[in-house]
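Colleague: Got a structure for you, questions after.
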């Protein structure tokens, strides 16, 4: 294609005159498409001065350089001159650069300001207290992982949704909590979370906010929750290795033994309560309490070597009398206990015999209560009853279970024999979401 043809094509596309077409083609190296793009970007500005300046510069350099150098410099200088000329022109189409800004997207308060590196700095807050509480780490996992990629309202709602259960977390470290649990005769429950595992965040969203779960924990446990990367979390993992997350364990405060580990993956509130009720039925801190040491027998006021013969004989007689008195008191206590046991009236068998096996449809709906039965062979059966159903229905249901129709049994919940509560409702008897043991008579 000849230069005239290129000029004609340029003019047909842009409706520019031939001089402008020649200038833009010259700056574009004869490339029609590039020249048209440049023309449209420049808004059809007259580039005659730029082309003349570039041509004169190239001519001067060509007289003192080799042909190859002259060609290379012409390309470089033409681009540089073009940029310089465009920068010097006063054109309303070129806007000023956007000024840099630094703003706080999420969080912050009157004590916060943006540091030189764009990070948050808190005025008047000691460095040791910026990341954790004075007693335990209260790092908000979802708050650190999610809000930086979304708007303030979304971030705030997510922080609230996945917030740890601060209302039940004990604000002491592990050792302090263990000492306190020993004094209050409670178990220690530990939840170790990993920010990379979303299942840990699900516990904060679905399990710990449940009111029934909180009541169970407050009644018999002191609760701790640590991030696996925190100092307390790493110390716990050193003492008690962890296979998977989320990790929920129960610690004996007296010995420090990890008694039970719950499978916390997809653990619903009802399942959690059943697991905890089962644990409390099997284990008790009261059963293994240390007995109060007996009152020491009063010995002689001075060493035996310093006593006279009469004083030694008197001391031996006094010791013997004290031992006989202690033994007599122990025997009296045993006899009183046996008499109380003998005087305890036996459960009338007529109540049990009057209950017949009846198969009823399992209850459904929001007013139901889930009850887990543990049979004598270790198997478990889960059944739903209406909260207003009498406890008698539980006996009727168990009597329909194979191998139990012709056998006598007891239903025990929280160490209470339910035969005495057959006329109470399931809700009044406190059996909602409970574990009931089937004990053969």
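In our numbering, the protein residues as written are 1 to 441. Where is the CB? At the ideal position from N, CA and C, for every residue including glycine.
I need the boundaries of the alpha helix (DSSP H) containing residue 277, first residue and last residue.
Modeller: Note, residue 277: alpha helix (DSSP H), 269 to 282.
Colleague: What does the alpha-carbon distance come out to for the pair residue 379 and residue 434?
Modeller: Straight-line Cα distance between these residues: approximately 16 angstroms.
Colleague: Can you name, in chain order, every residue of its own chain whose Cβ lies under 8 angstroms from the Cβ of residue 406, other than the five neighbours on each side?
Modeller: None.
Colleague: Give me the DSSP bridge partner(s) of residue 390.
Modeller: 425.
Colleague: Give the DSSP bridge partners of residue 447, in chain order.
Modeller: Examination of residue 447 is not possible in this model, given that the chain is present from 1 through 441 alone.
Colleague: Rounded to a whole number of angstroms, what is the C-alpha to C-alpha distance between residue 253 and residue 181?
Modeller: The alpha-carbon atoms of residue 253 and residue 181 are separated by roughly 6 angstroms.
Colleague: With a cut-off of 8 angstroms on the beta carbons, I'd call residue 351 and residue 396 a contact; round off their distance for me.
Modeller: Between residue 396 and residue 351 the Cβ distance is about 13 angstroms, and since that is not below 8 angstroms, they are no contact.
Colleague: Looking at the secondary structure, which residues open and close the beta strand (DSSP E) in which residue 437 lies?
Modeller: That run of the beta strand (DSSP E) goes 434 to 440.
Colleague: Smallest Cα separation from residue 191: which of 222, 9, 375?
Modeller: Closest by alpha carbon: 222.
Colleague: With a threshold of 6 angstroms on Cβ separation, who are the neighbours of residue 381 within its own chain once the five nearest residues in sequence on each side are excluded?
Modeller: Hits under 6 angstroms: 373.
Colleague: Taking the alpha-carbon of residue 412 as reference, which of 388, 371, 389, 251 has the nearest alpha-carbon?
Modeller: Answer by Cα proximity: 371.
Colleague: Can you find the residues in the same chain that come closer than 6 angstroms, C-beta to C-beta, to residue 261, ignoring five residues on each side of it along the sequence?
Modeller: Hits under 6 angstroms: 249.
Colleague: I'd like the span of the alpha helix (DSSP H) that includes residue 42, first residue to last.
Modeller: Note, residue 42: alpha helix (DSSP H), 32 to 42.
Colleague: Nearest to residue 48 by CA position, among 27, 40, 32, 31, is which residue?
Modeller: It is 27.
Colleague: For the alpha helix (DSSP H) that residue 238 lies in, which residues bound it at each end?
Modeller: Where residue 238 is concerned, the enclosing alpha helix (DSSP H) stretches over 231 to 239.
Colleague: Check for me: the beta strand (DSSP E) holding residue 369 runs from which residue to which?
Modeller: Residues 368 to 374.
Colleague: Out of curiosity, what's the CA-to-CA distance linking residue 44 and residue 16?
Modeller: The straight-line gap from Cα to Cα measures roughly 8 angstroms.
Colleague: Between residue 388 and residue 231, what straight-line distance do the alpha-carbon atoms span, to the nearest angstrom?
Modeller: So the two alpha carbons sit approximately 49 angstroms from each other.
Colleague: Identify whether residue 430 lies in helix, strand or coil by the three-state DSSP scheme.
Modeller: Three-state result, residue 430: coil.
Colleague: CB residue 201 to CB residue 162, shorter than 7 angstroms?
Modeller: In contact: residue 201 and residue 162 (Cβ atoms closer than 7 angstroms).
Colleague: For a quick check, are the C-beta atoms of residue 409 and residue 375 less than 7 angstroms apart?
Modeller: Cβ distance not < 7 angstroms, so residue 409 and residue 375 don't count as in contact.
Colleague: Does DSSP classify residue 226 as helix, strand or coil?
Modeller: Of the three classes helix, strand and coil, the one that applies to residue 226 here is strand, per DSSP.
Colleague: Helix, strand or coil for residue 27? Go by DSSP, reduced to three states.
Modeller: Reduced to three states, the DSSP call for residue 27 is helix.
Colleague: Nearest by alpha-carbon distance to residue 419: which of 437, 402, 403, 179 is it?
Modeller: Minimum Cα distance to residue 419 is reached at 437.
Colleague: For a test of the three-state rule: what should DSSP assign to residue 45, helix, strand or coil?
Modeller: Looking at residue 45 - three-state DSSP - the assignment turns out to be coil, as it is neither helix nor strand.
Colleague: What is the DSSP secondary structure of residue 401, counted as helix, strand or coil?
Modeller: Coil at residue 401, not helix or strand.
Colleague: Could you spell out where the beta strand (DSSP E) holding residue 410 opens and where it closes?
Modeller: Counting along the chain, the beta strand (DSSP E) containing residue 410 begins and ends at 409 to 413.
Colleague: Compare the C-alpha of residue 377 against each of 401, 359, 386 and name the closest.
Modeller: It is 401.
Colleague: Answer with buried or exposed for residue 186, where buried requires no fewer than 16 other C-beta atoms within 10 angstroms of its C-beta.
Modeller: Buried: at least 16 other Cβ atoms inside 10 Å.
Colleague: Excluding sequence positions up to five away, which residues of its chain have a Cβ less than 7 angstroms from the Cβ of residue 432?
Modeller: Excluding residues within five positions, the ones whose Cβ falls inside 7 angstroms are 369, 387, 426.
Colleague: With 16 as the cutoff for other CB atoms within 10 Å, does residue 1 come out buried or exposed?
Modeller: Under this definition residue 1 is an exposed residue.
Colleague: Could you give the distance in angstroms between the alpha-carbon of residue 353 and the alpha-carbon of residue 421?
Modeller: Straight-line Cα distance between these residues: approximately 15 angstroms.
Colleague: Reducing DSSP to helix, strand and coil, say where residue 249 ends up.
Modeller: In this structure, residue 249 counts as strand in the three-state DSSP scheme.
Colleague: Where DSSP assigns a beta bridge to residue 187, which residues make up the other side?
Modeller: Residue 187 is bridged to 221.
Colleague: Considering just the uninterrupted stretch of the alpha helix (DSSP H) at residue 199, what are its terminal residues?
Modeller: Start and end: 198 to 202.
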